[in-house]
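Before any comments, here is the structure.
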Amino acid sequence: MELETKTPQNQADPYREEPFAKSTRYLAEMNSLTAFHASHCSAYSRILHAAYGGKTTFDSLPALPALPVRLFKEIDLVSVPHDQVLKTLSSSGTSGQRPSRIFLDKETATSQAHALVRIVRSFVGNRRLPMMILDHPGVLKDRSAFSARGAGILGFSQFGADVTYALQTPSLLPDWLAIDSFLERHRCERILMFGFTFILWQHLLLAAEQANRKLDFGDSILIHGGGWKKLEESKVSNEEFKGRLRSTLGIRAIHNYYGMVEQTGSIFMECEQGCFHAADYSEILTRDPRTLAVQPHGAPGLIQTMSTIPRSYPGHILLTEDLGIVHGADGCICGRRGTHFSILGRLASAELRGCSDTHQVPA
Amino acid sequence: MISVLVPSAASDHDAQLQRLTAAGTVRPFDPIVVDFIDAISKSVLLDLVMRRIPEMAAVAHWMRKAHVLELRAAFEAKRGQRIWLGRGTALHFAPANVDSIFLYSWFLSMLIGNANIVRLSQRRGEQVGLLLDKINAALEQEKFAPIRDRSLVLAYDYDDSLTARLSQACQVRVLWGGDESVRRLRSVPMNPLASEIVFPNRFSLAVLSAESIIQSTPEQMDQLAQRFCNDAYWFDQMACSSPRLVVWIGDSHRCESAQKFFWPRIEEELARRAVQYPEVVGMNKLVTAYVSAGNSLVDHIEHNPTGLVSRAHLSSQAGPGFRSLECGGGFFFERKCPDLSRLAPLLTERDQTLSYFGFDHKQLRAFAHSLPTRAVDRIVPLGTALNFSTIWDGSDLLQSFSREVDLQ
Chain A
28 MELETKTPQN
38 QADPYREEPF
48 AKSTRYLAEM
58 NSLTAFHASH
68 CSAYSRILHA
78 AYGGKTTFDS
88 LPALPALPVR
98 LFKEIDLVSV
108 PHDQVLKTLS
118 SSGTSGQRPS
128 RIFLDKETAT
138 SQAHALVRIV
148 RSFVGNRRLP
158 MMILDHPGVL
168 KDRSAFSARG
178 AGILGFSQFG
188 ADVTYALQTP
198 SLLPDWLAID
208 SFLERHRCER
218 ILMFGFTFIL
228 WQHLLLAAEQ
238 ANRKLDFGDS
248 ILIHGGGWKK
258 LEESKVSNEE
268 FKGRLRSTLG
278 IRAIHNYYGM
288 VEQTGSIFME
298 CEQGCFHAAD
308 YSEILTRDPR
318 TLAVQPHGAP
328 GLIQTMSTIP
338 RSYPGHILLT
348 EDLGIVHGAD
358 GCICGRRGTH
368 FSILGRLASA
378 ELRGCSDTHQ
388 VPA
Chain B
711 MISVLVPSAA
721 SDHDAQLQRL
731 TAAGTVRPFD
741 PIVVDFIDAI
751 SKSVLLDLVM
761 RRIPEMAAVA
771 HWMRKAHVLE
781 LRAAFEAKRG
791 QRIWLGRGTA
801 LHFAPANVDS
811 IFLYSWFLSM
821 LIGNANIVRL
831 SQRRGEQVGL
841 LLDKINAALE
851 QEKFAPIRDR
861 SLVLAYDYDD
871 SLTARLSQAC
881 QVRVLWGGDE
891 SVRRLRSVPM
901 NPLASEIVFP
911 NRFSLAVLSA
921 ESIIQSTPEQ
931 MDQLAQRFCN
941 DAYWFDQMAC
951 SSPRLVVWIG
961 DSHRCESAQK
971 FFWPRIEEEL
981 ARRAVQYPEV
991 VGMNKLVTAY
1001 VSAGNSLVDH
1011 IEHNPTGLVS
1021 RAHLSSQAGP
1031 GFRSLECGGG
1041 FFFERKCPDL
1051 SRLAPLLTER
1061 DQTLSYFGFD
1071 HKQLRAFAHS
1081 LPTRAVDRIV
1091 PLGTALNFST
1101 IWDGSDLLQS
1111 FSREVDLQ
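Residue numbers (this note's numbering), protein chains in the order written: chain A, 28 to 390; chain B, 711 to 1118.
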């Protein structure tokens, strides 16, 4: 079965589609992907049969079947023959849990890369900028750690020139020499920076503050992601995060992104107003965690993300365990169109005590 | 860290261990033990907070003198003229999921005359603390000194060397818990003369006659819903005896009518009890339902698996593997069966409690005799799945805690 790609990739700006036109196009693409996966992934088809009577065409985005994102940690879901699987991505996974396993074929991997390029370029421009990775180069070498973090660094490195790492392997201490000479080389140039939220906070910002170092990255743009969980535990808000990065490191523009290994490529970037935006590849809605009813704009709920990219695995509609608020389908004052939203955090974990262990399992 | 919880006077577990092994056994159903257990029952029933907790009320009821004397009568009838004595020191490892088990295990062993060491889970619920306070208060009375000298309740983190030391000191070891911890504990050697009783993970089911449900009056249905909810929801469906599979007996059409009749009553009853779980429990249920469907265990999932009642219909080709999907919080597999005799071959050694509605003893007796090897240890009326019985997992605990002196 051939799939028609209607995402307007020829446009440079992924945030320009008129909302009504998008919703019509998007529903058609989601229905077509649902039918494609139902006929190519037997486990997915069994789920649709059990939960939706085998239906593959739905008349609205909320009606479409969403898979809980945790399902990818529990079972292997793949929609292409095994010999076409180019690589398997795995999430870092919280301790004690199996990581997600995401199977990519050439086509899906390529679409992921294209999506990332269009989205990121709309923020950093088409020119390759001198780039500093706020991490250590060992992440790419360590096989066991080569997961979302390594893939993220590799994916973003393509936007930079003179890619330089700010931290040392394996100590994660700031490589002041490398940083200083990088800044020296690129004085007065626009600089691109990329890192994982918690790593750069812990190992660069706090380290710089402790060492009483003040840096000035000048005309710089930082893109960071990976989640707020650990910063939330240390009660650091986005405002404080940005404020301290500005005052200590002199970073001018800071953009968080929301993404997951299960939908690599079609990330949600944070705009200048602090809202995450769906690009033309993606869409988002929130649901009441108990009833799964779709929440109106402005009401908090479980985030459901959609992406037109997943073709080799049925991950086009995912129910996450993150809570968020959709602010609107259009009209963010940053000027970008499309659904924009905020993240509130993760669904609190809780354990029913269960018949699992008397006690003696080592912690 | 090792903390001694009972007796409160003994802060040093080693000294108490020595006192306890030196004290030895008392006679089975010694009046002081019966009085002590009755005293605990009274203090729970007099406690305005505890008596309102259904689980504690059930425990208090079980501990009443009248009930303990019934246990004694049954014990004596079984024993006849034979000589049954306590084994010595019993070492109990309590489970984390059901707070009252430690008490049943301990008190039954106490009734037979044993000295007892109880290791409690670090994840124990608040109710355990309330019970221990009552026990410690009673043990301060001088008349209960013989029990104080024969009791040690402790909590400690993972510590094989302490487990080994305690295991060398006991004559009987009792393990309650998940398969993993049972496996681990069993690998710790014990006194060569000691015997061991093990209660690992089990699975339980409810078997309902579709016809009987359909013919129930609204009042009967309300009662039925209460009984089912007690069995399934008291311990968040995490007790081994709580049903996780509901089998409907009858022709397909009757079963469906009965389901339509039954489940809304359950939802009403849960609403009446204001049962509510953390939101993530709903997600666990959604994931469990989809994992089951993806793995061909289930062919139909009822709408909204995140609600209080989640139902997934087992597919005809589903093997026994669904039993290991432990979800809790009201997740039910369902299966239809034309009659009881067709159910028996589907049961396995993991199956412990079968709670029933709408069958008479004659039918159940025939069914019990047709059970496959090791399958099903208890067949009890719906609503009593969690009732503790001295016959547990296939053996009589009072008998397992005692030894027989063969007088010829």
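Where a beta carbon is used, it is the ideal one built from N, C-alpha and C, also for glycine.
Since the structure is predicted, the reported quantities are computational estimates derived from the model, not experimental observations.
Determine the chain B residues that contact residue i at a beta-carbon separation under 8 Å, and present them in chain order.
i	result
His-109 (chain A)	None at all; the shortest Cβ gap to chain B is about 17 Å.
Leu-374 (chain A)	Glu-989, Val-990, Met-993
Leu-98 (chain A)	Val-997, Tyr-1000, Val-1001, Gly-1004
Glu-348 (chain A)	Val-990, Met-993
State the start and end residues of the unbroken alpha helix (DSSP H) segment that holds residue i.
i	result
Ala-280 (chain A)	No alpha helix (DSSP H) contains Ala-280 (chain A), which is instead part of the beta strand (DSSP E) from 280-285.
His-1013 (chain B)	From DSSP, His-1013 (chain B) is part of no alpha helix (DSSP H); its letter is neither H nor E.
Pro-953 (chain B)	Not the alpha helix (DSSP H): Pro-953 (chain B) falls in the beta strand (DSSP E), residues 953-959.
DSSP three-state label for residue i, please.
i	result
Thr-318 (chain A)	coil
Asn-826 (chain B)	strand
Gly-301 (chain A)	coil
Gln-728 (chain B)	helix
Met-711 (chain B)	coil
Lys-1046 (chain B)	strand
Gly-404 (chain A)	No answer is possible for residue 404 (chain A): the residues shown for chain A start at 28 and end at 390.
Ala-172 (chain A)	Residue confidence for Ala-172 (chain A) is low, a pLDDT of 48 falling below 50, so the modelled location carries little weight; the figure read from the coordinates is stated next. Reduced to three states, the DSSP call for Ala-172 (chain A) is helix.
Pro-974 (chain B)	helix
Ile-160 (chain A)	strand
Tyr-1066 (chain B)	strand
Trp-1091 (chain B)	It is worth fixing the name first, because residue 1091 (chain B) is Pro in this sequence and not Trp. The answer is strand: DSSP assigns Pro-1091 (chain B) an E or B state.
His-1071 (chain B)	helix
Gln-832 (chain B)	coil
Gly-381 (chain A)	With a pLDDT of 43 at Gly-381 (chain A), under the threshold of 50, the modelled position of that residue is not reliable, and the figure given next carries that caveat. Three-state DSSP puts Gly-381 (chain A) in coil, outside helix and strand.
Could you give the residue range of the beta strand (DSSP E) that holds residue i?
i	result
Glu-348 (chain A)	344-355
Met-296 (chain A)	295-297
Tyr-308 (chain A)	From DSSP, Tyr-308 (chain A) is part of no beta strand (DSSP E); its letter is neither H nor E.
Pro-327 (chain A)	327-334
Ala-800 (chain B)	799-803
Met-220 (chain A)	218-223
Ala-1022 (chain B)	1020-1024
Please report the straight-line C-alpha distance between residue i and residue j, rounded to a whole angstrom.
i	j	result
Asn-58 (chain A)	Gly-80 (chain A)	15 Å
Phe-1098 (chain B)	Val-898 (chain B)	28 Å
Ile-226 (chain A)	Pro-953 (chain B)	46 Å
Leu-1117 (chain B)	Val-778 (chain B)	28 Å
Gln-111 (chain A)	Glu-56 (chain A)	23 Å
Arg-894 (chain B)	Gln-185 (chain A)	50 Å
His-67 (chain A)	His-109 (chain A)	12 Å
Ala-172 (chain A)	Trp-255 (chain A)	Note that Ala-172 (chain A) scores a pLDDT of 48, beneath 50, so its modelled location is shaky and nothing firm can be said.
Arg-373 (chain A)	Asp-315 (chain A)	14 Å
Ile-827 (chain B)	Leu-841 (chain B)	16 Å
Ile-1101 (chain B)	Gly-1039 (chain B)	27 Å
Pro-201 (chain A)	Leu-161 (chain A)	9 Å
Asp-132 (chain A)	Leu-242 (chain A)	42 Å
Ala-78 (chain A)	Gly-325 (chain A)	29 Å
Asn-994 (chain B)	Leu-1035 (chain B)	11 Å
His-354 (chain A)	Val-1086 (chain B)	55 Å
Gly-992 (chain B)	Ser-127 (chain A)	20 Å
Arg-875 (chain B)	Asn-901 (chain B)	9 Å
Arg-148 (chain A)	Phe-183 (chain A)	11 Å
For a contact meaning CB atoms closer than 7 Å, what does residue i contact in chain B?
i	result
Ile-74 (chain A)	Tyr-1000, Ala-1003, Gly-1004
Ala-391 (chain A)	Limits of chain A in this structure are 28 at one end and 390 at the other, which puts residue 391 (chain A) out of reach.
Ala-326 (chain A)	Simply none; closest approach about 14 Å.
Leu-319 (chain A)	Asn-1014, Thr-1016
Glu-259 (chain A)	Within 7 Å Cβ-Cβ: nothing; Glu-259 (chain A) doesn't reach chain B, min ~16 Å.
Ile-102 (chain A)	Val-1001, Gly-1004, Asn-1005
Could you tell me which chain A residues have their CB closer than 7 Å to the CB of residue i, listed as they occur along the chain?
i	result
Ile-1011 (chain B)	Ala-77, Ala-78
Arg-996 (chain B)	In the sequence as presented, Arg is not what sits at residue 996 (chain B); that position holds Leu. What Leu-996 (chain B) touches in chain A: Pro-95.
Gly-1039 (chain B)	Leu-379
Taking C-beta pairs closer than 9 Å, name the residues in chain A that residue i reaches, listed in chain order.
i	result
Thr-1008 (chain B)	Inspection of the sequence shows that residue 1008 (chain B) is occupied by Val rather than by Thr. Ordered by position in chain A, the residues that pass the 9 Å Cβ test against Val-1008 (chain B) are Arg-73, Ala-77.
Report the neighbours of residue i on chain B: residues whose CB is nearer than 9 Å to its CB, in chain order.
i	result
Ile-311 (chain A)	Per Cβ cutoff of 9 Å: no residues; Ile-311 (chain A) is ~18 Å from chain B at best.
Pro-316 (chain A)	Glu-989, Val-990, Gly-992, Met-993, Thr-1016
Please go through the region 844-931 of chain B and give each complete beta strand (DSSP E) segment of 3 or more residues, from N-terminal end onward.
861-866, 882-886, 905-909, 913-919
Minimum length 4: unbroken alpha helix (DSSP H) runs contained in the region 982-1010 of chain B
989-1004
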